[in-house]
Amino acid sequence: MPHHRVLLLCFLLFGSHGSWRTAAEDCIDMRKNALKIALCCNIEVFLAEKPFEKCSDTFEARMSVRSADFLVCTVDCTFREMGILAGDDEIDAGKINSIQAAYDETYQKTVANAVSTCMAIKDQIRRDADRLESVCNAFATLFHSCVLKELIMNCPAERWDSSQANETPYCCKVENFIPRNVAMKCQERAAAVGSPKSEVYNVCLEQCVYEELGAIAGRELHLDKLYPLTEQYPEDYARTVRMAIDECSKRLASEEAKKKIESYTQRCEILGSIVHMCLSMFIYNNCPDAYWTMSIACDKKMEAAYCCKLETLIPRNVAMKCQELAAAVGTPKSEVYNVCLEQCVYEELGAIAGRELHLDKLYPLTEQYPEDYARTVRMAIDECSKRLASEEAKKKIESYNEHCEALGSLVQKTELPHCCALEELIPRDIRTKCQEQVAAYYNPGSLIYETCKMECMYEELGAIDGFDAHLEKLYPLTERFPVDYRYAVRLAIDECNKKMASAKKNLELIDNRCTALGQMVDFCLDTVTYDNCPSSRWQASIACSKFRQGVPYC
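Using mature numbering (1 follows the signal peptide of the UniProt record, and there is no 0), the letters of the sequence shown map in sequence onto residues -18 to -1, 1 to 536.
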C-alpha cells in the first residue's frame, strides 16, 4: 500500500479534528471501514518517494517501525526534506501545490482547496500536535492527514471509485490465526533482513511464521501442525480452515509448486508466502455464511454475476449444429440435452474424442481475443487438461451412464440461453432496495435470502400482501413492452393470480419473517410467459422449434 494511504488510514483511526461536523445517522465506523474509504479515491502520491525512503531508513535504525513515533518522525523529516515545512508549523502551500503540476487541472484545484482548508485550521492542528506525546513534532503528520481527508471528502468524480472492486476483497472476514507472540518474534527477525513492507521482508516474515508453527521445515510441508490453531473458532469457520489446510497440503506437494519454490532465489525461502496465500484464498473462496459481509457488492461477488466478462469460445456454426443434434436426444434445457450438446461441441472442435482429451485443439480459438484474455484462456486450457486427466475425473466420467458421455459437461459447465428472451419485470430501484433490506438479516446467496428478497419486491409493488396475491397491480409495469410481449405477460399475470389464490393455504412463515409466495409468483410469471412467448422473441433455431413443438425424448 502506498505510504500516503497508510497515513490516511492512521489518521482515520487516530480521530478527527473537533471542527469536522458530522450527522450521527450519516456516520460509519471509521475503525472498520478506514481502509475501504482510503481506496475509494484515486489520490496521487503526496510525499516524494526518495525523501520518504531516506527518512524512513534513518528512523528505522532508531525505533520500531510499528510505533507511532516512527510514523510521526518519518513524516516530519520528509516534509522538511521536501521544503514543505520549516520551524514548528510553517507550511509552504505553494510548494505543495507545485508538486501537483503534473496532474489534471481539476485534481490540482482540489489539492489547492484541501491545502487552503487545512491552512485555515493550522492553529488547531498545532494544538492537537502539541497534545500528542511523541519524540518528534506531530504537526506534519496531522497536517498531511488533514489534506488527505479533505481530498477524500471532495474527491473529483472521475477519481472516485466506490465500486465493488474496492469492497469485495473484504467480503469475507478472514481471521488471523497466527499467535501474536509468533508474529511479533518474526517481525523482528524479518526486519533484520529487509525494510518492512518490502518484498524480502514479507517473504522472510511468512517463512519464519510457518517455521515457528512447525508447518514448514525448509522446503518440507507439515501443515497438519496448524490444526490446533483452528480450535479457537466457531465450528463452521474452523471446518473451513481445516479444509484449506488439507487442500493446500495437496496443492503444494505438486511438482509445479515445487518448481516454483526452487526457482525463488531471495534471502529467505518463499514456501511460507505460498502457504499463506493458498490458505487465505481457499478460506475466502469457501467463506462461511456467518463471516460473509452482507452488501450488494459482496452478494454479486458471491454469485459471480458480473465480475468477469467471459467471451464465447464456441463458434456459432458449431453451437447451432450441436443444438440440433442434441435436440434429437433430449428436450432442450433437460440434463441429457445439455450433456449431449457439450459433448458434441467439443467433439466437433476436436478437443475430445470419446473419453480422450485433446484440449490443445482449442488454442486457435483464442487468437480472436486481446492478448491478456487469450493468455488467460490458454492457461485455463492447460489447467483443465491436467485436472481432467486425474483419476478422480476419470472415475466421475465412467460413472455417468446417460445417453451421451459426460466429458463435455465436465469441460464446460454452462446452460443454454432460454429460447424465449424474457424481460425483467421488476424495476431496478425496487430490486436494489430489497437486496439491501434483506441483506441486513440473511447472507446473500442463501435460500432464505432469495425467498425474502422476492417477497419484498412483490410487496413493494403491491402485488402481494401477506398470504394474498394482487398481481393485477403489475399491469402498469407491462406498458413499456411491445404489444405482443405485453399480451403474454398479462396472460401470465391473470393465470398466476388464479394459481396463487389456491396455493395460499399451503403457505407458512419462514423464520418468522417471510413466505415463499414471492418466489412462487416470480417462478409462475416466468414459466407462463415462457410458455406463451411471442414469435418475435423466440430463438430461430431447430432446437428451440423442436422444444416448442413438444418433441419428446428419443
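The beta-carbon is built from N, C-alpha and C at its ideal position, and this holds for glycine as well.
What number of angstroms, rounded off, separates the C-alpha of residue i from the C-alpha of residue j?
{"i": "K481", "j": "E454", "result": "13 Å"}
{"i": "E244", "j": "G176", "result": "21 Å"}
{"i": "E87", "j": "F28", "result": "16 Å"}
{"i": "C118", "j": "D51", "result": "7 Å"}
{"i": "C401", "j": "V185", "result": "53 Å"}
{"i": "L344", "j": "E42", "result": "54 Å"}
{"i": "L208", "j": "R109", "result": "49 Å"}
{"i": "S367", "j": "E251", "result": "30 Å"}
{"i": "Q169", "j": "T60", "result": "25 Å"}
{"i": "I222", "j": "S262", "result": "The amino acid occupying residue 222 in the given sequence is Thr; Ile does not appear at that position. Roughly 11 Å separates the two Cα atoms."}
{"i": "A94", "j": "L124", "result": "17 Å"}
{"i": "C260", "j": "K232", "result": "11 Å"}
{"i": "D105", "j": "I66", "result": "17 Å"}
{"i": "I107", "j": "K415", "result": "41 Å"}
{"i": "T509", "j": "E293", "result": "28 Å"}
{"i": "E349", "j": "Y355", "result": "10 Å"}
{"i": "T150", "j": "D70", "result": "Low local confidence applies: a pLDDT of 47 at T150 is under 50, so the model's placement there is unreliable, with the coordinate-based value given in what follows. Using only the alpha carbons, I get a separation of about 42 Å."}
{"i": "I296", "j": "M302", "result": "10 Å"}
{"i": "F505", "j": "A335", "result": "39 Å"}
{"i": "E365", "j": "E373", "result": "15 Å"}
{"i": "R62", "j": "I134", "result": "24 Å"}
{"i": "N514", "j": "A498", "result": "24 Å"}
{"i": "V300", "j": "K377", "result": "28 Å"}
{"i": "Q419", "j": "M361", "result": "40 Å"}
{"i": "T433", "j": "F264", "result": "28 Å"}
Is it the case that the Cβ atoms of residue i and residue j are separated by a distance below 9 Å?
{"i": "I256", "j": "A239", "result": "yes"}
{"i": "D58", "j": "A122", "result": "yes"}
{"i": "L195", "j": "I227", "result": "no"}
{"i": "L429", "j": "T511", "result": "no"}
{"i": "A83", "j": "N136", "result": "no"}
{"i": "Y273", "j": "V156", "result": "yes"}
{"i": "I81", "j": "A30", "result": "yes"}
According to DSSP, is residue i helix, strand or coil?
{"i": "D450", "result": "strand"}
{"i": "I103", "result": "coil"}
{"i": "A308", "result": "helix"}
{"i": "C515", "result": "coil"}
{"i": "C154", "result": "strand"}
{"i": "A30", "result": "coil"}
{"i": "E115", "result": "coil"}
{"i": "E72", "result": "strand"}
{"i": "V199", "result": "Note that residue 199 is Ala in the sequence shown here, rather than Val. Residue state, collapsed to three classes: strand."}
{"i": "A498", "result": "coil"}
{"i": "L323", "result": "helix"}
{"i": "L338", "result": "It is Glu, not Leu, that sits at residue 338 in the sequence shown. Reduced to three states, the DSSP call for E338 is strand."}
{"i": "L404", "result": "coil"}
{"i": "L67", "result": "strand"}
{"i": "A287", "result": "Low confidence applies to A287: its pLDDT is 36, below 50, so where it sits in the model is not reliable enough to give any reading."}
{"i": "C137", "result": "coil"}
{"i": "C55", "result": "helix"}
{"i": "C37", "result": "helix"}
Among residues of its own chain, excluding the 5 on either side of residue i, which ones have a beta-carbon nearer than 8 Å to its beta-carbon?
{"i": "Y192", "result": "I198, L253, G254, V257, H258"}
{"i": "S518", "result": "P464, D466, Y467"}
{"i": "E461", "result": "R468"}
{"i": "Y457", "result": "R472, I475"}
{"i": "D447", "result": "E441"}
What are the start and end residues of the alpha helix (DSSP H) that includes residue i?
{"i": "T358", "result": "353 to 369"}
{"i": "F264", "result": "253 to 267"}
{"i": "K343", "result": "Careful: K343 lies outside any alpha helix (DSSP H) and carries neither H nor E."}
{"i": "L187", "result": "181 to 194"}
{"i": "V164", "result": "162 to 173"}
{"i": "Y431", "result": "429 to 442"}
For residue i, collect the residues of the same chain with a Cβ closer than 6 Å to its Cβ; drop the 5 residues on either side in sequence, then sort them by chain order.
{"i": "V393", "result": "Note that V393 has pLDDT 39, beneath the 50 cutoff, so the model's placement of it is unreliable and no number is given."}
{"i": "R171", "result": "C190"}
{"i": "N79", "result": "A94"}
{"i": "E132", "result": "A96, T99"}
{"i": "P33", "result": "T60, E63, M64"}
{"i": "V359", "result": "T348"}
{"i": "M436", "result": "G500, Q501, D504"}
Go through its chain and collect everything with a Cβ distance to residue i's Cβ below 7 Å, but skip five positions before and after it.
{"i": "C304", "result": "L323, C326, V327, E330"}
{"i": "residue 563", "result": "No answer is possible for residue 563: it lies beyond the span of the chain, which begins at -18 and ends at 536."}
{"i": "M502", "result": "M482, A485"}
{"i": "M439", "result": "I408, I412, R413, C416, G500"}
{"i": "M45", "result": "D51, F52"}
{"i": "R249", "result": "V175, V182, C186"}
{"i": "A470", "result": "T511, N514, C515, P516"}
Taking 9 Å as the CB-CB limit, is residue i close to chain C?
{"i": "N267", "result": "Absence of chain C from the displayed structure is noted, only one protein chain being present."}
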